[in-house]
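Residue numbers for the sequence shown follow this note's numbering, so the first one is 7 and each next one is one higher. The beta carbon of each residue, even a glycine, is placed where N, CA and C say it ideally should be. Small disclaimer: the values here were computed from a predicted structure and weren't measured. Report on the structure given below.
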Amino acid sequence: MQIEVSSETIQLLEAAMAAGRFASMDECIASLAKRARNGHMPRPSVDQLATEQGVGPIGDFRKLKADFWPDNESVDEFLQAIQSRRPTSDEPRAR
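What follows is the structure in structure tokens.
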């Protein structure tokens, strides 16, 4: 059986494979077919999630303030450390 797919769909499949999200094209297609069979479960809205989780708006932003940054580490050093740990574009991502 053959199914015609658009060039955009092919690009999405190739991008998913290149990102290392699937071990094979068959696995990728099977995952997409499963999602299609399940009818793409609708995503809850932000308001629905907030209600389910029992959270509400923050009235005082000062409550979010935290003092956790080490005195001996600069923001630039932190950002450099983050960048050095990220995979390059040709390395597969960890799942």
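| Query | Result |
| --- | --- |
| C-beta contact flag for residue 31 and residue 18 at 8 angstroms | no |
| Span of the alpha helix (DSSP H), counted from its first residue to its last, around residue 94 | Element bounds for residue 94: n/a, residue is neither H nor E. |
| 8 angstroms Cβ cutoff met for residue 65 and residue 56 | no |
| Residues near residue 70 by beta carbon distance below 7 angstroms, same chain, minus five either side | 64 |
| Spatial neighbours of residue 37 in its chain, beta-carbon cut-off 8 angstroms, leaving aside the 5 residues before and after | 28 |
| Residue 34 and residue 22 closer than 8 angstroms at C-beta | yes |
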